[in-house]
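Peer 1: Sequence lines, in order, name chains A and B.
Per the UniProt record's numbering, the very first residue in the first sequence carries number 1; after that it's consecutive.
Per the UniProt record's numbering, the very first residue in the second sequence carries number 1; after that it's consecutive.
Just so it is clear, CB atoms sit at the ideal spot from N, CA and C, and this is done for glycine as well.
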Amino acid sequence: MIKNYLKIAWRNLIKNKVFTTANIVGLTLAFTVAILLAMNALFELSYDQFHKNKDSIYQVYASAQTPKGSEIALSKSVPFAPALKEEVPGIKNIARALSTNVLVIYKDKELNLDAEYLDVDYFSIFSFPVVFGNTSKPLQDRNSIAITEKASNKLFGTKDGIGKTVRLKIGKEEKPFSVSAILKDIPNNSSANFDIAIPFENHREYDENKDDWDSRNHSVFLQLEQGVSVEQFEESTVEFSKLHFREEIESRERDGALPDVNGRYVQLSLLSSSDRRFASFATGVVRVQRIFPYMILGIAFLIIFIACANFINMNIALGEKRLKEIGMRKTLGAIKGQLFVQFWLESLLVFMLSIILGFILSNLLLEPFKTLFNSEATLANLMSPTILLGFLLGILAITFIAGGYPALLLSRLNTLNALKGKWEMGKNGLRNVLIVVQFVIAIILISGTLVFQGQIQFMRNKNLGYNKEQVVSIPLNGKKDSYRVIELLRNELQGNRDILSVSGADNNLGRGRDGSASTSVMGFDYKGRGLRTNVQTVDYDFAKTLDLQLVAGRMFSREYSADSLSMVINEAMVKEFNETENPLATRVYFNEDSVAYSVIGVIKDYNFKDVSRKIEPLTLFLDRNYDLYYAYIKVAPTNITESYEAIKRAWQTVEPNAEFIGSFLDENVDRTFRREKTMATIITSGSILGIVLSCIGLFAMSLLVVAQRTKEIGIRKVIGASVSSITLLLTKDFLKLVGVAFVVGTPIAWYALDRWLQEYAFHVPLSMWFFIGAGFLAALIALITVGTRTIKAAAANPVKSLRTE
Amino acid sequence: MLLQLKNIFKWVNSGGQRVFLLKDINLEINEGEFISVMGPSGSGKSTLLNVIGMLDTFDEGEYNFLDESVHNLKEKHRSNLYKEYIGFVFQSYHLLDDLTVQENLEMPLLYKKFKGSERKAMVADMLDRFNIVGKKDLFPSQLSGGQQQLVGVARALIANPKLILADEPTGNLNSQQSEEIMELFKKLNEEDGVTIIQVTHSEKNAAYGSRIINLLDGRKV
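1) Thinking residue 255 of chain A and residue 67 of chain A are a contact (beta carbons under 8 Å), I'd like their distance in whole angstroms, please.
2) Do residue 823 of chain A and residue 684 of chain A have their C-beta atoms within less than 8 Å of each other?
3) Comparing the C-beta of residue 20 of chain A with each C-beta of chain B, is any distance below 8 Å?
4) Rounded C-beta distance between residue 240 of chain A and residue 87 of chain A? I'm assuming under 8 Å.
5) According to DSSP, which residues form a beta bridge with residue 630 of chain A?
6) Shorter than 8 Å from the beta carbon of residue 334 of chain A to some beta carbon of chain B?
7) Contact defined as beta carbons within less than 8 Å: I believe residue 151 of chain B pairs with residue 101 of chain B. What is the distance between those atoms, to the nearest angstrom?
8) With a threshold of 8 Å on Cβ separation, who are the neighbours of residue 45 of chain A within its own chain once the five nearest residues in sequence on each side are excluded?
9) What residues from chain A crowd round residue 141 of chain B, counting only those whose CB sits closer than 9 Å?
10) What three-state label does DSSP hand residue 805 of chain A in the structure shown?
11) Rounding to the nearest angstrom, what Cα-Cα distance links residue 455 of chain A and residue 407 of chain A in this structure?
12) Scan the segment 105 to 120 of chain B for residues whose Cβ lies nearer than 8 Å to a Cβ of chain A and list them as they occur along the chain.
13) Does any C-beta atom of chain A lie closer than 8 Å to the C-beta of residue 76 of chain B?
14) Using 8 Å for Cβ pairs, my map puts residue 572 of chain A next to residue 615 of chain A. What's the rounded Cβ distance?
15) Assuming residue 125 of chain A contacts residue 198 of chain A under a Cβ cut-off of 8 Å, what Cβ separation, rounded to an integer in Å, is found between them?
16) Taking 8 Å as the CB-CB cut-off, is residue 4 of chain A touching chain B?
17) Comparing C-alpha positions only, which one of A:485, A:553, A:540 and A:719 sits nearest to residue 657 of chain A?
18) Where does residue 567 of chain A fall in DSSP's three states?
19) Buried or exposed: residue 10 of chain A, going by 16 or more other Cβ atoms within 10 Å of its Cβ?
20) Which of the three DSSP states is assigned to residue 689 of chain A in this structure?
21) Could you tell me the alpha carbon to alpha carbon distance between residue 252 of chain A and residue 163 of chain A, rounded to whole angstroms?
22) Let me know if residue 129 of chain B comes out buried or exposed under the rule of 16 or more other beta-carbons within 10 Å of its beta-carbon.
23) Quick one: is residue 506 of chain A buried, meaning 16 or more other Cβ sit within 10 Å of its Cβ, or exposed?
24) Going along chain A in order, which residues have a C-beta closer than 7 Å to the C-beta of residue 79 of chain B?
25) How about residue 21 of chain B and residue 47 of chain B: do their beta carbons lie closer than 8 Å?
26) Using only CA atoms, which one of A:528, A:647 and A:639 lies nearest to residue 589 of chain A?
27) What runs of the alpha helix (DSSP H), each 4 residues or longer, lie entirely inside the segment 84 to 171 of chain B?
28) Can you give me the Cβ contacts of residue 83 of chain B inside the same chain, cut-off strictly under 8 Å, excluding the 5 residues immediately before and after it?
29) Counting only Cβ-Cβ distances shorter than 9 Å, please list the residues of the segment 46 to 68 of chain B near chain A, keeping chain order.
30) Counting only beta-carbon separations shorter than 8 Å, does residue 16 of chain A have a partner in chain B?
31) Kindly say whether residue 1 of chain A, judged by its beta-carbon, lies nearer than 8 Å to any beta-carbon of chain B.
32) Nearest chain A C-beta to residue 34 of chain B closer than 8 Å, yes or no?
33) Using 8 Å as the Cβ pair cut-off and three pairs as the minimum, do the segment 8 to 20 of chain B and the segment 777 to 787 of chain A touch?
34) If you measure from the beta carbon of residue 419 of chain A to each beta carbon in chain B, is any gap under 8 Å?
35) The alpha helix (DSSP H) spanning residue 244 of chain A covers which residue range?
36) Going along chain A, which residues have a C-beta under 7 Å from residue 71 of chain B?
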């Protein structure tokens with residue numbers, strides 16, 4: 001029986017070559033892309049899921065009330081974690097963690113590695129297994145470190161570097177450490193990512209901040225004891241907060257902040273470690289959003305839907321050719337169930353073939369996909385039993401519906417009508433609905449593409465307030481003192497006429513090739529109010545190098561010796577001070593007993609953070625006690641490549657052992673919206689594929705419609721209709737569907753994109769033209785697809801078409 | 001007695017009026033009969049045949065086939081009944097274009113759950129009996145009309161039905177071909193005892209039968 005079915009199925013597929021090819025190509029493409037997209041999304045969703053204790057691990061954060069609303073603070077002070085563990089019940093393990101880079105020196109090798117300053121309990125909380133060395137206590141004492149296999153290989157040329165001694169550059173000193181454990185490499189889907197773990201006490205600011213509750217620079221993670229709920233824990237921290245944050249609470253009350261619903265000004269809360277990757281804090285409350293991965297999954301699903309809609313439409317339409325077979329089989333004793341199974345098996349055949357091809361193709365495309373979408377995902381991420389089972393069920397469900405529905409329609413036909421070739425189904429209803437839905441999806445994806453690309457162009461072209469085309473920023477990853485390096489670079493490049501200016505700062509603009517980003521925020525009292533500002537330490541010539549505009553006063557200058565007590569602020573900070581009349585008269589005492597700092601200059605606001613963020617208050621200091629981490633070098637607009645090479649050569653003279661990873665600021669800015677670019681690539685490819693698939697379907701439908709109406713076309717022509725009027729007649733129906741799709745799709749797309757753009761402080765205006773463009777494009781493509789076929793039919797000799805009767 | 005129709009009515013509603021397709025048909029058919037149904041176009045010949053073949057329903061009356069009351073049966077049982085006992089032959093053959101002669105013959109057996117080896121034997125037997133062994137791997141489109149109908153008859157016979165229903169079996173054939181088919185029917189009826197009901201326009205073909213039923217506007221005359 002099955003053999004017979006398969007034989008019939010095979011011959012049928014061969015007979016309808018065009019449609020079979022269209023279906024298999026469409027479904028294969030859809031499955032390929034869906035597999036790749038799903039892989040990417042599932043990879044994102046798998047972030048931090050590998051920790052055995054993931055359900056009881058949390059990051060501690062504080063939500064504090066300000067007069068402008070609430071704000072979230074993730075950074076904690078050094079005494080915080082030990083005190084919390086001591087005073088609040090329910091904590092099984094607690095650990096401080098501070099991510100940074102550290103220069104590791106072994107013999108004549110100098111490597112800049114991603115480092116994490118940790119308490120040893122970190123390894124009891126998180127699952128980062130030890131391969132060699134002390135498994136239970138990877139950090140034996142204050143002078144031992146743990147490194148990953150990868151780092152061990154890089155440093156020592158062997159995976160087992162246990163017992164070796166390296167020197168780390170911490171602050172301005174070099175200290176010896178011995179390797180006491182080798183960790184398995186950190187998985188790609190981990191939020192924490194480091195090559196080397198160093199005992200927390202070794203951080204250069206540890207000693208000075210040991211008892212300081214006001215300096216906060218690291219994250220705190222904890223594992224709750226079994227049976228302790230987050231609410232219980234948060235409730236039991238209330239007394240702790242009252243005790244340790246007393247001053248802070250008082251000053252917030254004084255500044256006019258409104259307490260939260262529980263009447264509190266500072267509340268400690270827990271963020272589940274599984275949510276870490278998806279949490280955003282921009283609005284002052286923690287928002288956990290997995291929208292990107294789910295959007296990608298959604299696109300994968302939509303693409304499969306489009307391909308399946310094609311399949312259903314073509315199968316129903318082709319069913320007409322098989323009415324005789326259905327009737328005959330019924331006459332010979334086939335019952336409904338048997339016919340259903342037969343037709344369903346045929347569908348299954350096509351689906352299985354497409355899925356297998358899809359898997360092969362997605363494997364082949366894996367590498368380019370990973371580069372294009374900037375993803376670390378692999379098929380291995382999909383190999384968990386739950387996902388495989390879900391995938392299998394999903395595919396079964398899809399084949400069951402897409403293959404089963406036409407099968408059901410066909411098997412239900414009345415025997416006699418089938419024999420006579422009569423089809424009494426209102427089939428065009430479903431067909432039209434499916435085509436409309438396809439084009440709704442296509443229009444949403446196209447307008448999404450246009451808006452995403454528009455936003456990216458907007459962010460790329462936006463005037464950020466500094467010169468990003470002519471400035472190279474170099475992470476200072478060498479051994480020498482940073483001020484010395486910048487001075488040496490200045491000297492080295494002095495004679496070069498294309499090098500205009502050299503400066504430095506402790507923070508980068510955009511995201512450099514070192515991938516680091518950091519923020520320093522300082523709070524202080526000014527005229528009885530608590531103010532907050534971003535802080536940066538800069539070198540001389542900072543404004544000159546970056547083309548920052550001075551609004552009032554002056555920048556730091558070598559001619560004034562007291563500039564280490566001077567501040568340059570941006571306009572947003574002027575507003576924060578509320579000294580718009582005469583900002584240059586502002587004097588600040590940061591600590592009650594210390595000296596006064598005075599504002600010497602005001603610079604125009606510039607985007608010192610990501611383009612998506614509002615411009616916050618910023619204060620620049622010139623203070624040689626604080627290191628610089630980046631050098632900025634401005635080059636002339638001509639000979640840019642030569643200048644870059646000259647800078648590189650200068651760097652190699654100054655820091656021969658450190659890798660040069662300088663980059664132009666516009667590259668850095670581009671890197672900050674990598675996520676948007678990835679999403680735009682995905683949506684663009686999704687919409688191109690969606691359109692291609694919809695057109696395959698539309699083309700097939702137009703073939704069938706033309707075939708169905710051959711006689712009508714013939715008669716009309718004999719009566720005297722022109723080619724154009726017949727083409728219009730045949731094309732009109734399809735264009736109407738695209739029109740309906742436009743009306744349905746636009747509001748959905750508008751709503752979704754409007755919400756998405758709200759996430760950006762600076763965004764492109766959501767103009768109607770995006771949607772009109774998308775609709776027009778969809779209509780044009782549909783017209784071309786259907787038109788080619790219909791013109792041919794309309795131009796055919798009517799005698800021929802009438803002869804088919 | 002093979003089957004019995006009692007006061008069978010069948011109608012459609014057209015413009016608020018009942019148009020009768022079959023009107024008060026009473027008919028008894030015994031095993032071994034060869035019946036020709038005649039009448040002008042639209043007199044209800046094919047409808048009657050379809051009702052007898054259980055492909056079509058009726059609105060009033062009783063229909064007993066062997067000992068079963070067809071009017072009380074569910075579709076599935078009806079389908080079991082006719083696939084067991086009835087074979088159909090059509091004017092336009094209705095062979096499946098995608099299957100070879102051999103496979104076309106095999107198909108009714110698939111729906112009757114015969115084993116593979118049995119099916120092979122039965123098909124081989126039938127090919128032999130109709131002298132079409134040489135054509136077993138050809139597709140219907142490669143055969144002449146007469147040969148196609150030969151396969152059609154063979155397919156109707158393969159599961160040893162008690163009754164063969166033939167709706168203008170020679171309608172698409174030339175005179176020589178139709179004579180061959182009619183001779184075949186006669187032989188089947190006389191030698192194998194198969195009951196045959198045929199619908200025909202031709203007096204000559206009708207003469208092969210043992211009894212003629214004339215229909216006019218849905219009534220037996």
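Peer 2: In terms of the structure at hand:
1) To locate residue 255 of chain A, count along the first sequence from 1; it is residue 255. To locate residue 67 of chain A, count along the first sequence from 1; it is residue 67. Right, the Cβ-Cβ distance comes to about 5 Å (below 8 Å), so this counts as a contact.
2) This structure cannot speak to residue 823 of chain A, because chain A is shown only from 1 to 805.
3) On the first sequence, residue 20 of chain A is found 20 positions in, with the first residue counted as 1. At a cut-off of 8 Å, the C-beta of residue 20 of chain A has no neighbouring C-beta in chain B.
4) For this step, residue 240 of chain A is matched to residue 240 along the first sequence. For this step, residue 87 of chain A is matched to residue 87 along the first sequence. That belief holds up - the Cβ atoms of residue 240 of chain A and residue 87 of chain A are roughly 5 Å apart, short of 8 Å.
5) If you number the first sequence from 1, residue 630 of chain A lands on position 630. In the DSSP secondary-structure assignment, residue 630 of chain A is bridged to A:475 and A:505.
6) The residue given as residue 334 of chain A occupies position 334 in the first sequence. Yes, contact with chain B.
7) In the second sequence, residue 151 of chain B corresponds to position 151, counting from 1. In the second sequence, residue 101 of chain B corresponds to position 101, counting from 1. Contact flag correct, Cβ pair sits at about 5 Å.
8) Residue mapping note: residue 45 of chain A aligns to position 45 of the first sequence, counting from 1. Sequence-distant partners of residue 45 of chain A (beyond 5 residues in either direction) whose C-beta falls short of 8 Å from its own C-beta, in its chain, are 290 and 293.
9) On the second sequence, position 141 is the one that residue 141 of chain B refers to. Within 9 Å Cβ-Cβ: nothing; residue 141 of chain B doesn't reach chain A, min ~12 Å.
10) Residue mapping note: residue 805 of chain A aligns to position 805 of the first sequence, counting from 1. Bear in mind that a pLDDT of 38 at residue 805 of chain A, under 50, signals an unreliable position, so the number given afterwards is only what the model happens to contain. When DSSP states are grouped into helix, strand and coil, residue 805 of chain A belongs to the coil group.
11) The count along the first sequence starts at 1 and reaches residue 455 of chain A at position 455. The count along the first sequence starts at 1 and reaches residue 407 of chain A at position 407. CA-CA distance, residue 455 of chain A to residue 407 of chain A, rounds to 46 Å.
12) Interface annotation for the segment 105 to 120 of chain B against chain A: 106, 107, 108, 110, 111 and 112, criterion Cβ-Cβ distance under 8 Å.
13) Locating residue 76 of chain B in the second sequence gives position 76, where the first residue counts as 1. By the rule that beta-carbons nearer than 8 Å mark a contact, residue 76 of chain B touches chain A.
14) Here residue 572 of chain A refers to the residue found at position 572 of the first sequence. Here residue 615 of chain A refers to the residue found at position 615 of the first sequence. Residue 572 of chain A to residue 615 of chain A, Cβ: 5 Å. Contact.
15) Working through the first sequence from its first residue, we reach residue 125 of chain A at position 125. Working through the first sequence from its first residue, we reach residue 198 of chain A at position 198. With a Cβ gap of about 17 Å, residue 125 of chain A and residue 198 of chain A do not count as contacting.
16) Locating residue 4 of chain A in the first sequence gives position 4, where the first residue counts as 1. Judged by the 8 Å Cβ criterion, residue 4 of chain A is in contact with chain B.
17) What you label residue 657 of chain A is simply residue 657 of the first sequence in a count that begins at 1. Of A:485, A:553, A:540 and A:719, the smallest CA-CA separation from residue 657 of chain A is found for A:485.
18) Along the first sequence, read from residue 1 onward, the residue named residue 567 of chain A stands at position 567. It is a strand residue.
19) The residue labelled residue 10 of chain A in the question sits at position 10 within the first sequence. Around the beta carbon of residue 10 of chain A, fewer than 16 other beta carbons lie within 10 angstroms, which makes this residue exposed.
20) Taking the first sequence and counting its residues from 1, the one referred to as residue 689 of chain A is at position 689. Residue 689 of chain A falls in the helix class under three-state DSSP.
21) Locating residue 252 of chain A in the first sequence gives position 252, counting from the first residue. Locating residue 163 of chain A in the first sequence gives position 163, counting from the first residue. When rounded, the distance between both Cα atoms is 51 Å.
22) If you number the second sequence from 1, residue 129 of chain B lands on position 129. It is exposed - the Cβ of residue 129 of chain B has fewer than 16 other Cβ atoms within 10 Å.
23) Position 506 of the first sequence holds residue 506 of chain A. It is buried - the Cβ of residue 506 of chain A has at least 16 other Cβ atoms within 10 Å.
24) Mapped onto the second sequence, residue 79 of chain B falls at position 79. Here the neighbours are 333 and 335.
25) Position 21 of the second sequence holds residue 21 of chain B. Position 47 of the second sequence holds residue 47 of chain B. Yes. Within cutoff.
26) For the purposes of this step, residue 589 of chain A is taken as the residue at position 589 of the first sequence. Taking only the C-alpha atoms, the option nearest residue 589 of chain A is A:528.
27) Taking only runs of at least 4 residues, the alpha helix (DSSP H) segments lying wholly in the segment 84 to 171 of chain B are 101 to 110, 116 to 129 and 145 to 157.
28) Locating residue 83 of chain B in the second sequence gives position 83, where the first residue counts as 1. Only 108, 111, 112 and 159 meet the Cβ criterion.
29) Hits within the stretch, in order: 50, 53, 55 and 56.
30) The residue labelled residue 16 of chain A in the question sits at position 16 within the first sequence. Not closer than 8 Å to any Cβ of chain B, the Cβ of residue 16 of chain A fails to qualify, so no.
31) Against the first sequence, residue 1 of chain A aligns to sequence position 1. Interface residue, yes.
32) For the purposes of this step, residue 34 of chain B is taken as the residue at position 34 of the second sequence. Interface flag for residue 34 of chain B against chain A is unset, since no Cβ pair is found closer than 8 Å.
33) As far as the Cβ criterion goes, the segment 8 to 20 of chain B does not touch the segment 777 to 787 of chain A, which means the pair count is below three.
34) On the first sequence, residue 419 of chain A is found 419 positions in, with the first residue counted as 1. Contact with chain B is found for residue 419 of chain A, since one of that chain's Cβ atoms lies less than 8 Å from the residue's Cβ.
35) In the first sequence, counting from the first residue as 1, residue 244 of chain A sits at position 244. Taken as a continuous stretch (DSSP letters only), the alpha helix (DSSP H) holding residue 244 of chain A covers 238 to 244.
36) Along the second sequence, one-based indexing puts residue 71 of chain B at 71. Annotation: residue 71 of chain B has no Cβ neighbours in chain A at a cutoff of 7 Å; minimum Cβ distance is about 17 Å.
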